[in-house]
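Structure record follows, encoded as structure tokens.
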Amino acid sequence: MKSLKERKVDFVIIGATAFPVHGYARATLDIDIFIRPTEANAERTWWALKDFGYDVTDIEKIELLKKKLLIRQYAVETDIHPFVKGVSFEKVWKNKVRAKFYGTFVYFACLADLIKMKKAAARPKDLEDLKYLRKLK
122 MKSLKERKVD
132 FVIIGATAFP
142 VHGYARATLD
152 IDIFIRPTEA
162 NAERTWWALK
172 DFGYDVTDIE
182 KIELLKKKLL
192 IRQYAVETDI
202 HPFVKGVSFE
212 KVWKNKVRAK
222 FYGTFVYFAC
232 LADLIKMKKA
242 AARPKDLEDL
252 KYLRKLK
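Numbering-wise, the sequence shown is residues 122 to 258 according to my numbering.
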């Protein structure tokens, strides 16, 4: 997260990593990061990933705008999302919540937007998450 902040990447943490900010926690194997889908932000994201130590030599910067990028090089997997079902980056950015993540202040999706994302994804684990997230409203 520190590399993303230092490179001034516009990003919001989504998915299960964002749940504890709202009072619900469950185990997860990855960190989902929703980035502003612009060429400039994709370039900053690419450099931040490189700064962190990810091997990005086979990744074209423009790929960060085309589809979800799965990075599986460390114990904690990282998923970079240029778009997410059920929401737009602009609305998620407008409604973001600021909180600490391992000592660094970052932005997380608000509860209402997490619910929209989970509802739109509609996988079994998303529907299970919805049961708990809706109780937090």
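In this text, a Cβ means the ideal position worked out from N, Cα and C, and glycines have one as well.
**Q.** Trp-167 beta carbon near the ligand GDP (any heavy atom closer than 6 Å)
**A.** Because no ligand of any kind appears in the structure shown, any question about the ligand GDP cannot be addressed here.
(Q) Residues in the same chain with beta-carbon distance under 7 Å from Arg-255, minus the five sequence neighbours each way, listed in chain order, please. (A) Reading the sequence shown from its first residue, position 134 is the one you call residue 255. Result list for Arg-255: Ile-236, in chain order.
Q: Drop a sphere of 10 angstroms on the beta-carbon of Arg-193, count the other beta-carbons inside from all chains shown, and report buried for 16 or more, exposed for fewer.
A: The residue labelled residue 193 in the question sits at position 72 within the sequence shown. With fewer than 16 Cβ atoms within 10 Å of its Cβ, Arg-193 is classed as exposed.
**Q.** Span of the beta strand (DSSP E), counted from its first residue to its last, around Tyr-228
**A.** In the sequence shown, residue 228 corresponds to position 107, counting from 1. 225–229 is the extent of the beta strand (DSSP E) around Tyr-228.
Q) Can you find at least 3 beta carbon pairs, one from the stretch 205–215 and one from the stretch 225–241, that sit closer than 8 Å? A) yes
Q) Apart from the five residues just before and just after Glu-160, which ones in its own chain have a Cβ nearer than 8 Å to its Cβ? A) The count along the sequence shown starts at 1 and reaches residue 160 at position 39. Hits under 8 Å: Lys-182, Ile-183 and Leu-186.
Q) Anyone know if the C-beta pair for Leu-150 and Glu-198 falls short of 7 Å? A) The residue labelled residue 150 in the question sits at position 29 within the sequence shown. The residue labelled residue 198 in the question sits at position 77 within the sequence shown. In contact: Leu-150 and Glu-198 (Cβ atoms closer than 7 Å).
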